[in-house]
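Have a look at the structure below, then the notes.
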Amino acid sequence: MNESTTAATPSATANNPYRWALLAGVWLLYCAFGLTATSFAPLTGLIESDLKLSHAAMGSIMGAWQLVYIFSAIPCGILLDKLGPRWALTAGGLLIAASTLFRGMADSYSTMLFAVMLFGIGGPIISAGAPKVVTSLFTGSSRGLAMGIYMTGPAIGGVISLTLTHSTLLPSLGGDWRNVMFLWTGFALLVSFIWLAIAFHPTLNRASAAPSNTPAVPQTQVIKMLLSNPAVILVLSMSVGVFLFNHGLNNWLPELLRHDGMSLITAGYWAAIPTLIGIVGSLTIPRLATPGRRFPILIGLSLCAAGASILLQFQYEPLLFSGLLLQGIARSALMTVLILTLVELPGIGDRYAGVASGLFFSAAEVGGMLGPLSLGLLYDFTGQFDAGLYLLTAVGFGLALSARRLSRLSQSDH
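Taking my numbering, the leading residue of the sequence shown gets -13, the next gets one more, and so forth.
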């Protein structure tokens, strides 16, 4: 069912209060996304022991959904533009539920790999659909605020997963990690149907509709147009580095802290610090990232990423805390500000936001796959996480240099 039936622009819904209810629905879906994406981090030891996996094998499983994501993000972005966010996001939520269900049923490397790869189909629908909904409903500084709000969804999902898994959920669920996965299955199903109910409101139909006087452009032509823009190519390249940093640390941080001598529960609490900092950053930094300040903010966030990976090599708690603080600042807004930059490049806007977001996540998940895999492999080769942290430091400095280049390209376009 195609929802593009009437002409509309973001300004047509700018003062409609129901847009906040739709944003809440997107937030819930992204929260389920975050729960699922971080669900392995606190359970790594239990899953490795149960399925008899090495760190390298576990790293390949952690990166499996990102590998699928690379190839599915663009088709999912096209599907999103065709079906509209109501049905596409519902399908994405149901696929996430299926992924967690099969994780709980997995009994070998291959079955767990399949379950995680399934998340790589549902995930891009959510991550590409969220900015499309926001760009169709919000304008100006409220767009940055709305993007920041929905990005707290996966952050809060991560906090719940990291802090409650060992302290509350496992003791309450018989100590079985599989029951935790089944709990996340129920949550993903619930929020999928909540979104479906919210999305039947005509506000979403009007906001999602393409202008009727604009001729349709073939999707392959749209993709070629986007990839011919040097600024788009640079944003896509930066997205690889951002996701390599985020996914690498997000997946291995509890294990890294345990390697430094922390208990499971203590490591879970400390690993939640960047996420808590990230929630505050998500609500403030994207709103500040107006076109005039966007590139200095990108450079600053990139340097925070580099600094975090340096400080996380120390066991001295004040330095370790400072590293986690910088990681939280970097992860809070690097992706959001970069997506905001992409969708506001000349010729993209809300019309091509779905395809552009699909391209973004297709490229980004190359880094999302390489991050967990690289840190796992480097640990197996060296017996420690320092080599992986050196890699992330180099990535952070590379992002800062790329942000300077992007600033120059943007100025030349205007």
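Every residue gets a Cβ at the ideal spot worked out from N, C-alpha and C, and that includes glycine.
Bear in mind that the values here come from a model prediction, so they are computed numbers and not experimental data.
Assuming residue i and residue j make a contact with CB atoms under 8 Å, what is their CB distance in whole Å?
i      : j      : result
Thr322 : Arg280 : Contact doesn't hold; Cβ gap of about 11 Å is too wide.
Asp185 : Pro71  : Before going further, note that residue 185 is Ala rather than Asp in the sequence given. Indeed, because the Cβ distance is near 7 Å, the residues count as touching under 8 Å.
Leu14  : Trp181 : 7 Å
Ala275 : Gly130 : 6 Å
Leu284 : Ala183 : Actually they do not touch by this definition, with Cβ atoms about 37 Å apart.
Ser178 : Leu311 : About 34 Å; that fails the 8 Å criterion.
Compare the Cα-Cα distances from residue i to each of the options and report the closest residue.
i      : options                           : result
Phe173 : Val341, Gly354, Ser40 and Tyr16   : Tyr16
Leu395 : Leu361, Gly293, Gln299 and Ala217 : Ala217
Arg317 : Ile142, Phe88 and Leu159          : Ile142
Asn236 : Gly354, Val266 and Gln207         : Gly354
Leu53  : Trp6, Gly109, Gly130 and Ala74    : Gly109
Leu169 : Gly362, Leu284 and Ala83          : Ala83
Met211 : Gly384, Met91, Met248 and Ile334  : Ile334
Gly31  : Arg72, Ile285, Ser393 and Ser249  : Ser249
Ser25  : Ile184, Leu155 and Asp372         : Leu155
Thr270 : Ser35, Ala132 and Ala59           : Ala132
Leu39  : Ala389, Thr171, Glu351 and Gly362 : Gly362
Ala27  : Arg244, Ile107 and Gly309         : Arg244
Asp366 : Leu81, Leu242, Thr171 and Ser268  : Leu242
Trp51  : Leu311, Asp67, Leu99 and Phe383   : Leu99
Ser214 : Glu303, Ser393, His41 and Pro332  : Pro332
Lys118 : Asp67, Thr171 and Ala7            : Asp67
Ile219 : Ser113, Ile251, Leu392 and Thr252 : Leu392
Is residue j closer than 9 Å to residue i when the C-beta atoms are compared?
i      : j      : result
Pro61  : Leu148 : no
Gly78  : Ile111 : yes
Leu37  : Ser85  : no
Ala43  : Phe105 : no
Ser348 : Leu320 : no
Glu330 : Pro272 : no
Gly344 : Gly63  : yes
Tyr338 : Val208 : yes
Ser225 : Phe346 : yes
Ile315 : Ile265 : no
Val145 : Val12  : no
Gly115 : Ala74  : yes
Leu65  : Trp163 : no
Trp238 : Gly374 : yes
Ser153 : Gly20  : no
Pro157 : His233 : no
Leu9   : Ile135 : yes
Leu356 : Gly49  : yes
Gln313 : Asp372 : no
Met167 : Gly90  : yes
Val352 : Ile56  : yes
Gln301 : Gly247 : yes
Ile107 : Ser35  : no
His187 : Ala7   : yes
Ser268 : Met137 : yes
Query raised in the report: Residue ranges of each alpha helix (DSSP H) run of no fewer than 4 residues wholly in the segment 110 to 165, ordered along the chain?
Result: 126 to 150
Query - Stretch-stretch touch, CB-based, cutoff 8 Å, three pairs: the segment 121 to 131 with the segment 227 to 237 - result: no
Query raised in the report: Taking three-plus beta-carbon pairs below 8 Å as touching, is the segment 144 to 163 in contact with the segment 254 to 264?
Result: yes
Query raised in the report: Does the segment 378 to 392 come within contact of the segment 290 to 299, defined as at least 3 CB pairs closer than 8 Å?
Result: Contact check between the segment 378 to 392 and the segment 290 to 299: three or more CB pairs, one atom from each, fall below 8 Å, which counts as touching.
Requested in this report: Scan the segment 346 to 388 and note each continuous alpha helix (DSSP H) run of 4 residues or more that stays entirely inside, going in chain order.
Outcome: none
Query raised in the report: Which ranges does the alpha helix (DSSP H) cover as unbroken runs of at least 4 residues, wholly within the segment 70 to 101, from first to last along the chain?
Result: 71 to 91
Query - alpha helix (DSSP H) segments (min. 4 residues) lying fully within the segment 220 to 266 - result: Listed in chain order, they are 250 to 257.
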